[in-house]
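Each residue of the sequence shown is one higher than the last, beginning at -15 in the numbering used here.
We put the CB at the ideal spot given by N, CA and C, even for glycine.
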Amino acid sequence: MCVGVLACSSPASPGDPQNVALPPAGASPEVATAVVDLTNAERTRGGVAALAASARLMQAAQLHAEQLAQAGRLDHVLPNARYPRPEDRLAAVSYRWQAYAENVAFGQRTAAEVVNGWMQSPGHRANIMNPTYTEMGAGYARDASGRSYWVQVFGKPL
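Here it is, written out as structure tokens:
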């Protein structure tokens, strides 16, 4: 059953890494790490345990960020993509989940800007602050015009 922005379950300052300029294309571990760090800062501020960065969830997030950039649109499901649904992306990286959620965004210039935007949105904020999740991954990609696409994937493994 899926609820919220996308949540499913079964039975900083100019020199900070959070504000690093985005590379022209592709993945940047520094930018993805900054999203994880900023997300954990928000959770800690809200009294929720920090999330462990998961290599598999980082891969799933990056897969979707690249698909979004290629499609030039923002959505949780891209019917014509190689990995159309979140479950397909999680399976592709061999992540066995008990619960997961996904936040997506586009156009923000920094990790701080995107996390702040998500925190201002009730549905995205609910995913970020949900104590059910114990791990997360983040990814981003740029389309041909330079627009950034951001993805957070939260998970609780089996």
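- Query: Taking the DSSP output, what are the residues bridged to W134?
  - Reply: Here residue 134 corresponds to residue number 150 of the sequence shown, with the count starting at 1. In DSSP, W134 forms a bridge with A89 and Y124.
- Task: With a cut-off of 8 angstroms on the beta carbons, I'd call V19 and Q136 a contact; round off their distance for me.
- Result: Reading the sequence shown from its first residue, position 35 is the one you call residue 19. Reading the sequence shown from its first residue, position 152 is the one you call residue 136. At roughly 7 angstroms, the Cβ-Cβ gap stays under 8 angstroms, so V19 and Q136 are in contact.
- Query: Can you round the beta-carbon distance between P115 and V32 to whole angstroms, since I take them to be within the 8 angstroms contact cut?
  - Reply: Here residue 115 refers to the residue found at position 131 of the sequence shown. Here residue 32 refers to the residue found at position 48 of the sequence shown. Right, the Cβ-Cβ distance comes to about 5 angstroms (below 8 angstroms), so this counts as a contact.
- At what residues does the alpha helix (DSSP H) containing V98 begin and finish? As a first step, residue 98 is located in the sequence shown; it is residue number 114 there, counting from the start. A95 to Q104 is the extent of the alpha helix (DSSP H) around V98.
- Out of L62, T28, P68 and A44, which has the shortest C-alpha to C-alpha gap to M120? To locate residue 120, count along the sequence shown from 1; it is residue 136. Out of L62, T28, P68 and A44, A44 has the C-alpha closest to the C-alpha of M120.
- Item | Inter-stretch contact (C-beta, 8 angstroms, three-pair minimum) for the region 97 to 113 and the region 60 to 72 | With the cut-off at 8 angstroms, the region 97 to 113 and the region 60 to 72 do not touch.
- Message: I'd like the list of long-range same chain contacts for R80, defined as Cβ closer than 7 angstroms, with 5 residues on each side in sequence excluded.
- Response: Locating residue 80 in the sequence shown gives position 96, where the first residue counts as 1. Spatial neighbours of R80 in its own chain (CB-CB distance under 7 angstroms, excluding positions within 5 residues in sequence) are listed in chain order as P141 and L142.
- Have a look at L47, A75, A96 and G107 and flag the residue whose alpha-carbon is nearest the alpha-carbon of N87. The residue you call residue 87 lines up with position 103 of the sequence shown. Of the candidates L47, A75, A96 and G107, the one whose C-alpha sits nearest the C-alpha of N87 is G107.
- Message: Quick check on DSSP: helix, strand or coil for G30?
- Response: Position 46 of the sequence shown, counted from the start, is the residue given in the question as residue 30. In this structure, G30 counts as coil in the three-state DSSP scheme.
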